[in-house]
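Number of protein chains: 2
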Amino acid sequence: MPNRKSLLNPHISIDCVVFGFDLEKLMVLTIERGADAEGKKLRLALPGDLIMDNQNLDDNASRILLELTGLSNIFMEQIGAFGDPNRTETEGDKDWLKYIRDKPAARVVTIAYYSLVNMMNSNLHPSSFAKSASWLPVKDITELAFDHLQILQAGLNKLKSDIATKPIGYHLLPEKFTITQLNNLYEAILDKKIDKRNFRRKISKLDILIELKEKQKDVAHKPSTYVKFNEKRYKKLLSAAEENFSF
Amino acid sequence: MPNRKSLLNPHISIDCVVFGFDLEKLMVLTIERGADAEGKKLRLALPGDLIMDNQNLDDNASRILLELTGLSNIFMEQIGAFGDPNRTETEGDKDWLKYIRDKPAARVVTIAYYSLVNMMNSNLHPSSFAKSASWLPVKDITELAFDHLQILQAGLNKLKSDIATKPIGYHLLPEKFTITQLNNLYEAILDKKIDKRNFRRKISKLDILIELKEKQKDVAHKPSTYVKFNEKRYKKLLSAAEENFSF
DNA sequence: GCAAAAGTGTTAACTGTACACCCATGA
DNA sequence: TCATGGGTGTACAGTTAACACTTTTGC
């Protein structure tokens, strides 16, 4: 793929912490090395790629996510830049870079993003930079290539504080969902129990959920009412909050 | 300065939003162009420079601040990365880049930091990248080179949300100060009036200020008691808050 | 004695949190 | 009829927000 390589800026990359939710646990999208010397233990990494010089940073991140998940219009927030000179110094990591990059020894600063996707809609396909991609529970991840574990932690922290102030969680859910599922999502992200009565009160005061006629079927308990997200109302709330911000 | 130039990575820069406080207004450090074609209006910019490949990002930012202000151990937080491909496309901006950079046409992604300094201690001296440096009231700034106005705004927003949760304001004040001055600082940053009784109560409950024996002199009103910041207590508070964060 | 900022308490509204029981369904 | 999760209200504690007068100093 020398042709592809030459379009890329060898000094700046994007890495993405892609969060998903299986209605129970918070998941993150990982890739396996696109190539690996025989016998070496495969090591997981976050999806990422060098940037293209004709796109801005956000568009580069969108491009990478589209390649990997088939999804566009994904919710994304920048986490920040990571650029320790020795972030790519582990032996196995260097071997991999030699394979996938034009200038494997160049110092690379990476811009990290986190994004929220509906796992059900995503259709993973390995891409130019990934041999295989898979969803793993965030809690099970103890090791990643380069400084990706640090980036994952930073993304998780930012998600925690973002979700406390903006109801962005719906990006992780299917179009129709139950309030209990939303509650579970908050518990998974904040990593603590949330009282369901208090949660319902809080959410319903925001007035951003629309009750559907439909109820759960084939469940061995009182079926829950499905709701969907009221995007217009949410956007109004957000812009009102921003206006208040400075005054 | 070709020698200096060659040590720098021409693709990645750091820009710094350096905040100060003159006990009344929030100020920001700006530089004038190091060179300017005759007759052209001078344009202000944020201090910044290309990175050196042997330093990590934080150390690069510290280096730039030390050169400019003579201060080390400055409080700093990363704002994020800014990298529109056309961020350096304004005509005057391009001329300037030709003068100060080795590869003026290269795409540069910049990592922005904000920092808080005690204006009284800082001793500005123009440096390799700045013809002159000066403090300006944040509110008076309506135009800056490149995308620096956007970066300033982002830095201000981050400062606003940081100071609401962490009492970092003391970095902007002299060693001894009055509670009214601290109140004024919060008003300047948050850009709104704060009730002094409520403010005093809140601050004193944190128990991070130590009352000094000394009082104001030569003021035509009841003299205020000076206080200083209790750093140990503050650090204890912070680490306790972080432990609570995930559980 | 007057102008100017320091310093000090109380009350009402709101927000967060803890807690337990009945309901609808499938098996 | 039992197991399972759905759905609901109340009371207390803590926090925020509004508000006015006396004190100390220089002039």
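Sequences listed follow chains W and S, in order. Per my numbering: the first sequence ends with 247, consecutive numbering throughout. Per my numbering: the second sequence ends with 1247, consecutive numbering throughout. From the three backbone atoms N, C-alpha and C, an ideal C-beta is built for every residue, glycine too.
Residue i: first and last residue of the uninterrupted beta strand (DSSP E) it sits in
i                 : result
Glu77 (chain W)   : Phe75 to Phe82
Asp1049 (chain S) : Gly1048 to Met1052
His1221 (chain S) : Careful: His1221 (chain S) lies outside any beta strand (DSSP E) and carries neither H nor E.
Ser122 (chain W)  : Ser122 (chain W) -> no beta strand (DSSP E), and no H or E assigned at all.
Leu212 (chain W)  : Leu209 to Lys215
Ile1031 (chain S) : Leu1026 to Glu1032
Leu1144 (chain S) : No beta strand (DSSP E) contains Leu1144 (chain S), which DSSP labels as neither H nor E.
Thr1110 (chain S) : Val1109 to Leu1116
Ala1105 (chain S) : Here Ala1105 (chain S) belongs to no beta strand (DSSP E), and DSSP marks it neither H nor E.
Ser72 (chain W)   : Ser72 (chain W) -> no beta strand (DSSP E), and no H or E assigned at all.
Leu1136 (chain S) : Ser1132 to Pro1137
Where residue i falls, given that 16 or more other Cβ within 10 Å makes a residue buried
i                 : result
Leu1156 (chain S) : buried
Ile1012 (chain S) : buried
His1125 (chain S) : exposed
Gly1039 (chain S) : Below a pLDDT of 50, predicted positions are generally treated as unreliable, and Gly1039 (chain S), at 49, falls in that range; the measurement from the model is reported next regardless. So Gly1039 (chain S) ends up on the exposed side.
His1148 (chain S) : buried
Ile1151 (chain S) : buried
Val227 (chain W)  : buried
Met1001 (chain S) : Low confidence applies here, because Met1001 (chain S) scores a pLDDT of 46, under 50, leaving its location unreliable and the question unanswered by this model.
Val219 (chain W)  : exposed
Leu212 (chain W)  : exposed
Ala240 (chain W)  : exposed
Glu1175 (chain S) : exposed
Thr165 (chain W)  : exposed
Ala105 (chain W)  : exposed
Glu1077 (chain S) : buried
Leu1057 (chain S) : buried
Leu26 (chain W)   : buried
Leu1206 (chain S) : exposed
Contact check, residue i vs residue j, beta carbons under 7 Å
i                 : j                 : result
Gly1048 (chain S) : Asp1015 (chain S) : yes
Arg101 (chain W)  : Pro85 (chain W)   : no
Ala1145 (chain S) : Ala1061 (chain S) : no
Ile210 (chain W)  : Asn184 (chain W)  : no
Val1138 (chain S) : Val1028 (chain S) : yes
Thr225 (chain W)  : Lys215 (chain W)  : yes
Ala1112 (chain S) : Ile1079 (chain S) : yes
Arg1197 (chain S) : Ile1179 (chain S) : no
Leu97 (chain W)   : Leu50 (chain W)   : no
Phe1075 (chain S) : His1171 (chain S) : yes
Pro167 (chain W)  : Ile194 (chain W)  : no
Lys94 (chain W)   : Pro10 (chain W)   : no
Leu1173 (chain S) : Ser1122 (chain S) : no
Leu1136 (chain S) : Thr1030 (chain S) : yes
Glu24 (chain W)   : Ser132 (chain W)  : no
Endpoints, the alpha helix (DSSP H) within which residue i is located
i                 : result
Ile1168 (chain S) : Careful: Ile1168 (chain S) lies outside any alpha helix (DSSP H) and carries neither H nor E.
Ile265 (chain W)  : Only positions 1 to 247 of chain W appear in this structure, which leaves residue 265 (chain W) out of reach.
Asn1009 (chain S) : No alpha helix (DSSP H) contains Asn1009 (chain S), which is instead part of the beta strand (DSSP E) from Leu1008 to Phe1021.
Ala188 (chain W)  : Ile179 to Leu190
Ser204 (chain W)  : Lys196 to Leu206
Ile100 (chain W)  : Glu91 to Ile100
Residue i beta carbon near the ligand HEM (any heavy atom closer than 6 Å)
i                : result
Asp162 (chain W) : Only the bare structure without any ligand can be found here, which leaves the ligand HEM out of the picture.
Check your understanding: Does the region 1064-1075 of chain S come within contact of the region 1105-1122 of chain S, defined as at least 3 CB pairs closer than 8 Å?
Key -> yes
Check your understanding: Is the number of C-beta pairs between the region 1072-1084 of chain S and the region 1179-1199 of chain S that are closer than 8 Å three or more?
Key -> no
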